[in-house]
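Residue numbering for the sequence shown follows the UniProt record's numbering, starting at 1 and increasing by one per position. Following: one structure in structure tokens, then a few remarks.
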Amino acid sequence: MDTCPRLDVPVSVQFKTPAVMTPWRAAGRSGVVRTMAPTREMSLETKERIVKRLEEGNPSRMVAKDVGCSQSAVSKIWTKYKQHGMVVKAKRTGRPRKTSKRQDKQLKAICLENRKSTTKQMKHKWEEVGVNVCDRTVRNRLKEMGFQYRKAKRKPALTPKHKRTRLQWAKERQSWTVDDWMKVVFSDESRICIGQGDDAGTFVWCRSSEIYEEACLKKTTKFPQSLMIWGCMSGKGTGEMTVVNSSINAQVYIDILDSFLIPSIEQMFGDDEIIFQDDNASCHRAKTVKAFLEERHIQSMSWPANSPDLNPIENLWWRLKKMVHKKGPTSKADLATAIKVSWHQIDAEYCLSLIKSMPHRLKAVIKAKGGATKY
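Structure, rendered in structure tokens:
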């Protein structure tokens, strides 16, 4: 007898769908088999709660309803509990881990030995101790330890002496409040170049064949035009700012203080006493400069070397350069105009927010034991 199905009969007639099928294999009218989505593993805390409720005499149906799982899951947990005498986590199948905990510690030591190493370099060093894995495994293990390959932050080099000085300076002023810092006038010089302020880079939409077209280039100059400026600020806003057209020596610095610092103090503070801050440049610490400040009854603040992160005016320079860059100056005259306009556009609220950060800056220096901070 020929048992093969007849080819002239439709397939739907040849085969009958079973009357009863399991839910995870049941097909709809379209004939597509639906599979049950993988469920999340129940936590040990939930399993222990189920066992506790069952030991108290609650029926499995009520426990399943309260916990939010099926009655069969409750029964399986109870059965395993009676077999092992404790709630156990089921073993998972899968590829065994390529490295042991000890080998992972070796990789961590290799990474900390030279943080600038690439994964390929670390892989070769790891192979020297008998671990043969690919680059991706090295990256995965480092990621598990919390390491990420980041762009190194640019910070001034700090010697042990610098760190001790910074730490002592911060501890001496850690009790200062924002009101105390409001009495400080911060000052500094900065050089602004045409095109400076584009820290994030320039992005353009182009096809692969258009990379070097005129409209897709970011043009640079070998010797960009620039201007040196001096400015000051406090929690009440920006003070005077001036373009410095010559190199700064002690006498030039005294002229700047006399022409721009004194009017700024009178404008922001009147006759109130203030503390003047400047860095340790040789022209700032000249005897004639100290004599000038004493003659004008201006108290000068000591300052730790290589500490731009403690001076909030550095953040103000960053904002000023961004504002000048947006104005797109193309000549020195345009640059000077853009600097002056941008300086007057910096509001007092921004300056106040910088002064309010001073207590946090000191805490960060103390926490870093005089080392580099995020500021």
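Beta carbons are placed, not taken as given, at the ideal position from N, Cα and C, and that holds for glycine.
Please tell me whether residue i and residue j are closer than 8 angstroms, where the distance is taken between their beta carbons.
i, j, result
"Leu320", "Ser342", "yes"
"Trp230", "Ile265", "no"
"Val133", "Met122", "no"
"Gly370", "Arg154", "no"
"Arg49", "Val67", "yes"
"Lys327", "Ala338", "yes"
"Asn280", "Trp303", "yes"
"Ala308", "Pro156", "Here the sequence assigns Pro to residue 308, which means Ala is not the residue at that position. In this structure, Pro156 lies closer than 8 angstroms to Pro308 by Cβ."
"His162", "Ala286", "no"
"Val87", "Lys143", "no"
"Ala368", "Tyr375", "no"
"Leu167", "Ile366", "yes"
Helix, strand or coil: which one does DSSP assign to residue i?
i, result
"Asp347", "coil"
"Ser342", "helix"
"Trp176", "coil"
"Arg53", "helix"
"Leu352", "helix"
"Arg154", "coil"
"Val9", "A caution first: Val9 carries a pLDDT of 42, below 50, which makes its placement in the model too unreliable to give a value."
"Gln168", "helix"
"Arg336", "Looking at the sequence shown, residue 336 is not Arg but Ala. Helix."
"residue 392", "Summary: the structure shown does not reach residue 392, with the chain confined to residues 1 through 375, and so no result is reported for it."
"Lys369", "coil"
"Met358", "helix"
"Lys374", "coil"
"Met21", "For Met21, the predicted structure reports a pLDDT of 44, less than 50, and the residue's modelled location is therefore unreliable. A value from the coordinates is still provided. Here Met21 sits in coil by DSSP."
Leaving out the 5 sequence neighbours to the left and right, which residues in its chain are closer than 6 angstroms to residue i when beta-carbon positions are compared?
i, result
"Asp188", "Ile313"
"Arg34", "In this prediction, Arg34 scores a pLDDT of 49, lower than 50, which makes its location untrustworthy; the coordinate-derived value is nonetheless stated afterwards. Taken in chain order, the list of residues that qualify is empty."
"Phe260", "Glu240 and Thr242"
"Arg53", "Val63"
"Thr330", "none"
"Gln103", "Val131"
"Ile346", "Thr238"
"Asp180", "none"
"Leu112", "none"
"Lys105", "none"
Beta-carbon within less than 7 angstroms of residue i's beta-carbon, same chain only, minus the 5 sequence neighbours each way: which residues are those?
i, result
"Leu362", "Ala170, Arg173 and Gln174"
"Ser70", "Ala64"
"Phe292", "Ile254 and Leu257"
"Thr221", "none"
"Asp135", "Thr119, Lys120 and Lys123"
"Asn315", "Leu354"
"Val204", "Cys216"
"Val74", "Ile50, Ser60, Val63 and Ala64"
"Met233", "Phe186, Gly239, Ile313, Leu316 and Cys351"
"Lys332", "Gln225 and Leu227"
Among the residues of its own chain, which have a CB less than 8 angstroms from the CB of residue i, if the five just before and after it don't count?
i, result
"Arg191", "Ser226, Leu227, Met228 and Ile229"
"Val178", "Gly235, Ile355, Lys356, Met358 and Pro359"
"Ile275", "Lys183, Val184, Val185, Gln299, Ser300 and Met301"
"Trp78", "Ile50, Val51, Leu54 and Ser60"
"Ala19", "Because the pLDDT at Ala19 is just 44, under 50, the model does not fix this residue reliably, and the value given afterwards should be weighed accordingly. Here the set comprises nothing."
Write down the C-beta distance between residue i and residue j rounded to the nearest angstrom, noting that I regard them as a contact closer than 8 angstroms.
i, j, result
"Ala250", "Cys206", "Their Cβ separation, rounded to whole angstroms, is 52 angstroms, which puts Ala250 and Cys206 out of contact at 8 angstroms."
"Met241", "Ile355", "No, Met241 and Ile355 are not in contact; Cβ-Cβ is about 18 angstroms, not under 8 angstroms."
"Gly235", "Cys351", "6 angstroms"
"Arg141", "Leu107", "6 angstroms"
"Thr99", "Val131", "6 angstroms"
"Ile262", "Arg296", "7 angstroms"
Can you list, in chain order, the stretches of the beta strand (DSSP E) that have 3 or more residues and sit fully within the UniProt domain "Tc1-like transposase DDE" (184-328)? 184-193, 226-234, 237-244 and 275-277
Secondary structure, alpha helix (DSSP H): runs of 4+ residues fully inside the stretch 55-143: 60-67, 71-84, 101-113 and 119-127
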